[in-house]
Structures are given as C-alpha cells and as structure tokens.
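Counting from 350, one number per residue, gives the positions in the sequence shown under the numbering used here.
Backbone N, C-alpha and C define an ideal beta-carbon position, used for all residues, glycine too.
Okay, structure first, notes after.
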Amino acid sequence: MLLSFGVAKAATLNPDRICICVNALDYSRYRDCRPDYIQAIQEVLRLGTRQGREGEAISISTPLIELNKTEIIKLGNNWRVPSEKT
350 MLLSFGVAKA ATLNPDRICI CVNALDYSRY RDCRPDYIQA IQEVLRLGTR
400 QGREGEAISI STPLIELNKT EIIKLGNNWR VPSEKT
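See below:
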C-alpha cells in the first residue's frame, strides 16, 4: 500500500526514481516485498503515468531487496543509521 501511495505522489512530482527498502526475505509475511511485485509496479509506472507514456518512466530502486539481515545491519552501521529510530 505504501508503494502505491508513493507511486501516486511521484506521478505528480515527476521524479526519475522511487526508492523503497523492501527485502525479499520478508515475502512470506509481506507479499509486496517480492521482486516480481516490484516489477509489476514498475510496469504500472510505465503504462499509467505521463512520464512512462513519454518513454521516461519512473524507476523503482530496491537497494536492500537481495540482502540478508546481517548485510542490512552492516550497511546501516556503515551509513550511521540511528537504528534505535527504525
């Protein structure tokens, strides 16, 4: 649902990218974390927005989708993410 809201908002702002930090390991509980779901939403952006129809579709970036939990924590530590606020 959050990605749908992001897509709707992005269509009004004309960005070139949406970033969502879903992780495929969560797919059993959260079906929208699967790569095939993200690809389907990417297709919606291509077909359902002015930018997409003009050949400049908004891309969806999923930097954490293939990482395991340990890799995500290490990455967050490297970026100095305040984990107590996540």
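- Collapsing the DSSP output to three states places ILE409 in a strand.
- Bridge partners of ILE367 according to DSSP: ILE409.
- Between the stretch 402 to 413 and the stretch 369 to 381, the count of Cβ pairs shorter than 8 angstroms is three or higher; the stretches touch.
- Contact between ILE390 and VAL356 holds: CB atoms are separated by about 7 angstroms, below the 8 angstroms threshold.
- One Cα belongs to ASP365, the other to GLU405, and the distance between them is close to 8 angstroms.
- THR398 counts as buried, since no fewer than 16 other beta carbons sit within 10 angstroms of its beta carbon.
- 8 angstroms or more divides the Cβ of LEU374 from the Cβ of LYS423.
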